[in-house]
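Residue numbers (our numbering): 1 to 573.
All C-beta atoms, glycine included, are put in the ideal place defined by N, C-alpha and C.
Keep in mind it's a predicted model, so treat the numbers as computed, not measured.
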């Protein structure tokens with residue numbers, strides 16, 4: 001399962017000025033070329049014979065593709081240190097691309113750390129500002145817009161349609177048009193979106209069911225039930241130590257996020273504070289300033305006054321709140337599907353009787369709520385203007401998806417072999433089906449009900465092996481309890497399955513590059529929002545929310561709203 005923990009971290013956006021970027025000269029390919037006129041009267045050489053039009057076909061003559069990448073601790077310590085015959089430059093994926101596609105992947109540079117590390121972001125910044133671009137450039141939405149405005153990258157519209165395999169087209173469209181809206185500028189497809197799953201950002205109510213059972217409580221069906229459970233977990237000594245030292249609801253000073261975040265709680269009151277939503281007239285409005293948020297904040301303030309929320313939550317990050325969960329001091333929190341692995345496994349390690357389960361979020365009225373999803377696709381692959389093989393990046397996408405989820409898949413070789421489960425990260429591109437986790441659950445659940453798991457293949461088979469280890473009661477099985485809480489009969493992916501079939505998802509409507517005023521003011525407005533909300537929860541007058549709304553609008557929010565709607569109008573044309 002891909003990036004269980006990493007989904008709680010938001011990708012940092014680096015704002016860079018590249019107005020002085022100068023496109024470096026690029027050499028021609030092997031074989032015949034055709035010269036096409038550019039608008040400035042110059043010519044660009046493009047290959048007309050070497051590109052095999054088969055989506056998985058091999059070039060007649062080998063080609064070179066340069067790019068850049070990060071080298072995470074996971075890859076360095078858990079993959080390369082284990083696979084002694086492989087390096088970041090020469091490994092199972094680079095060999096596959098060379099042998100089966102005729103593409104030699106070369107890195108202009110590799111930065112240690114994640115894609116949000118200072119080193120990687122600084123090197124990207126320097127690269128873009130200098131104009132020393134590789135053939136394929138991994139970018140965020142801001143960088144993509146700047147490269148496109150400077151006419152430094154290729155229009156990929158025709159290339160994608162011609163070279164993308166049916167599997168690639170299916171996978172990249174599984175979350176609708178949003179990933180392509182994000183890379184469409186002036187009607188042109190300016191990059192290939194590496195679709196990341198928004199569905200896996202869905203929120204659940206994670207509850208200690210051993211505490212529910214001890215206090216004779218039932219799972220919640222309404223927000224009133226959630227409030228009652230939180231109150232009981234605070235006041236009725238669920239840990240049995242005779243002290244009032246437990247809290248009902250876990251939350252962090254950041255307020256939002258994949259673990260111990262408040263998005264799911266607020267959704268119970270039809271409040272969506274970190275999203276752009278349709279106001280019903282075809283216009284977009286910012287969820288954080290809507291009246292429903294005020295109502296949700298009032299409930300959180302009431303809970304804090306009653307001691308149901310740690311009074312020091314406003315100074316505690318996720319790690320500190322996780323320590324409280326591990327110590328058995330919190331019994332309810334909102335989070336994503338992977339929370340059983342972190343932080344709940346920590347609690348389980350300390351107390352083998354602790355049992356957590358994910359339940360669907362609920363609404364105030366008891367009606368089926370919508371589940372807010374933040375747009376998760378934040379990495380795009382642009383092609384340098386003049387590179388003679390723009391289709392090569394599409395072929396890499398095709399091959400990565402084919403070898404992991406296609407008809408010729410070798411999942412245990414190219415994605416998650418037992419000796420190094422993160423081998424997939426050696427590839428310079430790592431697209432994956434957005435619904436792959438819930439599809440794996442569906443396959444496992446069907447096999448479970450049929451009492452025959454021998455037919456499972458690919459990712460579902462790999463996950464089932466973890467479940468078998470858990471059910472065996474072995475020492476290793478204890479360590480994968482968290483996986484059972486995701487893919488078992490009561491697992492969080494079962495709730496995702498329910499959400500999906502009920503069409504409960506509410507997607508963020510704004511997926512474009514930050515608008516000019518966002519670049520200038522968004523960080524300030526976000527900080528203002530979080531500070532005001534924390535203070536309200538801790539006791540500031542609830543009407544402070546009204547002042548915040550007015551300040552948000554006056555400090556740039558109105559202008560941002562205008563710009564967002566101008567973008568939205570263009571996407572609907």
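- Assignment of beta-bridge partners to residue 284 by DSSP yields 278.
- In the structure shown, residue 267 falls within a helical segment according to DSSP collapsed to helix, strand and coil.
- Taking C-alpha positions only, residue 205 is separated from residue 375 by approximately 21 Å.
- Going by C-alpha positions, residue 173 is about 41 Å away from residue 473.
- Counting every other CB atom within 10 Å of its CB across the protein chains shown gives residue 198 a total of 16 or more, marking it as buried.
- Around the C-beta of residue 527, fewer than 16 other C-beta atoms lie within 10 Å, and the residue is accordingly described as exposed.
- In the three-state DSSP reduction, residue 383 falls in the strand class (E or B).
- Sixteen is the threshold: when 16 or more other Cβ atoms of the shown chains lie within 10 Å of the Cβ of residue 308, as they do, the residue is buried.
- Per DSSP, the unbroken alpha helix (DSSP H) holding residue 470 starts and ends at 458–472.
- The continuous alpha helix (DSSP H) containing residue 403 extends over residues 392–405.
- When secondary structure is reduced to three states using DSSP, residue 64 falls in the strand class.
- Its Cα nearest to that of residue 62, the residue 98 stands out among 98, 494, 77 and 53.
- Sixteen is the threshold: when 16 or more other Cβ atoms of the shown chains lie within 10 Å of the Cβ of residue 347, as they do, the residue is buried.
- According to the DSSP secondary-structure assignment, residue 570 is paired through a beta bridge with no residue.
- Contact between residue 247 and residue 316 does not hold, since the beta-carbon distance rounds to 11 Å and is not under 8 Å.
- Bounds of the beta strand (DSSP E) holding residue 104 are 103–112.
- DSSP places residue 56 outside both helix and strand once states are collapsed to three, so it counts as coil.
- For residue 154, the three-state secondary structure derived from DSSP is coil.
- Within the region 210–261, complete beta strand (DSSP E) segments of at least 3 residues are not found at all.
- Judged by DSSP in its simplified three-state form, residue 360 adopts strand.
- Between residue 285 and residue 87, the beta carbon gap of about 50 Å keeps them out of contact (Cβ cut-off 8 Å).
- With a beta-carbon spacing of about 28 Å, residue 507 and residue 483 fall beyond the 8 Å limit used to define contacts.
- Per DSSP, reduced to three states, the secondary structure at residue 411 is helical.
- Between residue 332 and residue 229, the C-beta gap is smaller than 9 Å, which places the two residues in contact.
- As computed with DSSP, residue 206 is found in a beta bridge with 333 and 358.
- Using a Cβ distance threshold of 9 Å, residue 369 and residue 498 do not count as a contacting pair.
- Per DSSP, the beta bridge partners of residue 139 are 380.
- Look at residue 343 here: in three-state DSSP terms it is coil, with no helix or strand label.
- A distance below 9 Å separates the beta carbons of residue 411 and residue 461.
- Counting C-beta atoms within 10 angstroms of its own C-beta, residue 569 has fewer than 16 neighbours from the protein chains shown and is therefore classed as exposed.
- Our two residues, residue 152 and residue 293, have alpha carbons roughly 43 Å apart in a direct line.
- Beyond the five residues adjoining it in sequence on each side, residue 438 comes within less than 8 Å, by CB distance, of 199, 493, 496, 497 and 500 in the same chain, given in chain order.
- DSSP places residue 313 in the helix class (H, G or I) of the three-state scheme.
- If you draw a straight line from the Cα of residue 488 to the Cα of residue 358, it is about 11 Å long.
- Across the set 530, 175, 273 and 183, the C-alpha of 175 shows the shortest separation from the C-alpha of residue 503.
- Rounded to the nearest angstrom, the gap between the Cα atoms of residue 314 and residue 238 is 24 Å.
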